[in-house]
Amino acid sequence: MKELRDRINQLDESLLKLLSERRTLSMDIIREKEKHEYNIRDKEREKDILSRIVETGKKLGLDTHYISKIFQDIIDDSINLQNEFVIRKSNKIESGAVKIAIQGIEGSFSHLAAKKFFGHISNELVFNSFSDFESVIESVENDESDYAILPIENTTSGSINEVYDGLLSSNLSIVGEELFQVKHCLLGLEEIPLNNIQKIFTHYQAARQCSKFLYSLNKTQVEFLDDTAKSIIKIIELRKPEYAAIASKEAAALLGVKVLREEIANQAGNYTRFLVCSKSQIVVDKRIPAKTSLVLATAHKAGSLVEALSVFKEYGINMTKLQSRPIIGNPWEEKFYLDFEGNLSDLNVQKLIDELGKHTRYLKILGCYQSKEIEKSKPVKIINEKESIEPEINIENKSEERIEVKNNISYKLASRLYKKDDTIIKVRDVSIGGGNFVIIAGPCSVESYDQIISCAKEVKNNFAHILRGGCFKPRTSPYAFQGLGYEALDFLKDAGEQYDLPIITEVMSVDQIEKVAEKSDMLQIGARNMQNFSLLSEVGKTMRPVLLKRGMMASIDELLNAAEYILARGNRQVILCERGIRTFETATRNTLDLSAIPVIKELSHLPVVVDPSHAVGQRDKILPLAKAAKAVGADGIMIEIHPDPDKALSDGLQSLRFDQFRKLTEEMDKIK
Ligand code: PEP
Ligand code: MN
């Protein structure tokens, strides 16, 4: 044992040495890139490295997901390192202490975000604490501090308006941003039951982000203080174990109090974006992703905002945020805060700003800075050229001469007449429609934690895109397995997070929608509910993409009208699914209507996927139908898989074993 452990220790040490050597090489590369002014990122090369490594890893018996996760982190580290090198040059941080103004004391979220932002510099950091944002800004304006750290928006509670307004009236520039995951905890002096807590101290933004938890405590009083860390000081001073505070775990450790409950925020992914501001502007190196922020006010007449915004379209520049605020003294007039991807030193951006000036009555640039949102490269499957065959069927998917669609149709928003171009629906980083072929796979029902985790791993390892799993099951017999409900949803969400896959699950009734939409990236409306109009209207009010399955007795016209119910309520993200219809044929579970695909493509701009599993009902016939689906122009397929189909609690006969699924994904790549 000892000998084996010693060898493992040696290996770990070698791995570390290799990583450090790789980092040194990355730095050599950036110096080389500097000389030739090459781009910092080469996404094709990143994709190439990942794909190659995954292939080699496979040959060595290493799991695809595991390898791509590790190497994605290694590549990210290298990009960060290179970005930091460049940004440090443009920020020109002098030697000596860096003075940073924050709202709140040490241990507050502003303090933690500042430490993250300035983490790479060796200068001493000195913090100046203030109780309000105005004083933070003033401190930099009168040279008492070099930088101000200001929270600008939170993923749960939205924009922090005082900061926007404070920035506009100041003469500071934005020189950086930091994204910080805010994990709120309930803290106290000693462990006590939650219902004995009499009073909770916190900051009002933290209270908003934890409103559901606070509401669940019923009668507990809440008192607001200037920042979360101060609320800890308060309970230490008052010395009552019945008093609690909401702040970070880091602040609890710093100030010596106990964590009573972790992660009490409404949303698990609770992020705050902080701005870093200073008196002088910076020039961001053109090779790193940059963002620009500005404030504008348009003329008070019809269409003036549209005119201003269409300038962005004209210049092909992507806006990442638009926020409106009232103009003080001019009732009902608005100014707009706007962020976009682009560097002020680019000619194209300068032209955009000139043009924008013609359509606005006020325009002020707040700053240009490095964007912290790094787009990740993903490995792709390496396909052996010799293996790939052209399908014999030639489909003209995007034919210019579409047959005239009748004018007296009963749906509008779903129709090609309303929208000519294919709709592309984004589910996290997966795009459905517009030429991407997406594979959705997973078990019919989520049966246990281990079962869904093993399916997720298989989905990821075979480069499929979305994980499915039924939590609420529509079963023909009331005595058949009905699904594990919300417990299954938690398992599915966990599996999706572990393997970085978006998830989809079915909703069967109106009361499930809100709770399911909170956790699932996509909602499915099953065949049996295609014409449940109240269900359609309710999913139409959510922001989640909806996969609408064709009813087993429904015509294409009825399917498109059902989609219209969802679209008309506001949700424009509908994906149609052909899953087989009832015919006189009894040899298969249903009859897969493949002609529906080109027909729908002609009538509608919405993406269409095919579910061969429910159509044919027999596992050995799924592969040819899946291939046919791709060949007739579907935007994707949905496939049921199971680690042990014979023991499946639902639809075992049509569920693929993992080896069959692997073969299917390989075969799909051969169809172009
Ligand atoms: C399913 O996808 O699990 C399902 C129940 O399918 P359908 O609604 O098409 O029968
Ligand atoms: Mn099923």
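If you count by the working numbering, then the sequence shown holds residues 19 to 690, one letter each, in order.
Note that CB positions come from ideal geometry on N, CA and C, so glycine has one too.
#### Entry: Nearest-angstrom beta carbon gap, L278 and A262 [assumed within contact, 8 Å]
6 Å
#### Entry: heavy atom of the ligand PEP below 6 Å from A647 C-beta
no
### Where the beta strand (DSSP E) containing R597 begins and where it ends
Premise fails: R597 is in no beta strand (DSSP E) and is neither H nor E.
### Task
Over the uninterrupted alpha helix (DSSP H) stretch that includes Y222, give me the two end residues.
222-227
### Pick from V617, M548, N366, S463 that is closest to E332, judged by C-alpha positions
N366
### Query
Since A119 contacts F148 with CB under 8 Å, what's their CB separation in whole angstroms?
6 Å
### Query
Regarding D653 and the ligand MN, is the C-beta to nearest heavy atom distance less than 6 Å?
no
### Rounded C-alpha distance that separates I5 from G194
Outside the modelled stretch of the chain, which goes from 19 to 690, sits residue 5, for which no answer is possible.
### Query
Considering only residues of the stretch 519-545, which uninterrupted beta strand (DSSP E) runs meet the minimum length of 3 residues and lie entirely inside it, listed in chain order?
521-524, 540-543
### Query
When the Cα atoms are used, what is the spatial distance from F151 to S363?
30 Å
### Query
Going along the chain, which residues of its own chain have a beta-carbon closer than 6 Å to the beta-carbon of Q121, five neighbours each way excluded?
S128, F148, F151, V154
#### Entry: Contact the stretch 649-664 vs the stretch 625-634: 3+ CB pairs below 8 Å
yes
### Query
Are the beta-carbon atoms belonging to K537 and L507 less than 7 Å from one another?
yes
### C-alpha distance - Q199 paired with C228, whole-angstrom precision
14 Å
### Query
So which residues put a beta carbon under 5 Å from any heavy atom of the ligand FAD, going in chain order?
Among the ligands present in this structure, namely the ligand PEP and the ligand MN, the ligand FAD is not found.
### Query
Measuring CB to CB, does C203 end up less than 7 Å from K252?
no
#### Entry: For N479, the first and last residue of its enclosing alpha helix (DSSP H)
467-479
### Query
CA-CA distance, P409 and A614?
Reliability of the predicted coordinates at P409 is poor, the pLDDT of 43 falling under 50, and no value is obtained from them.
### Message
Is H632 near the ligand PEP - that is, is its Cβ less than 6 Å away from at least one heavy atom of it?
### Response
yes
### Task
For the alpha helix (DSSP H) holding E31, just list the boundary residues, first then last.
20-54
### Task
Under 8 Å Cβ to Cβ from I93, same chain only, skipping five residues before and after it: list those, please.
E64, I67, L68, S395
### Check whether Q299 and S191 have beta carbons under 7 Å apart
yes
#### Entry: Three-state class that DSSP yields for I170 in the structure shown
strand
### Query
How would you write the range of the beta strand (DSSP E) that A317 sits in, first residue to last?
Looking at the DSSP string, A317 is not in any beta strand (DSSP E), and its letter there is neither H nor E.
### Task
Return the chain-ordered list of same chain residues with a C-beta closer than 6 Å to the C-beta of D245, the five sequence neighbours on each side being excluded.
G122, S126, H221
### Query
Under the three-state reduction of DSSP, which class applies to S433: helix, strand or coil?
strand
#### Entry: Counterpart residues of R279 in DSSP-defined beta bridges
L204
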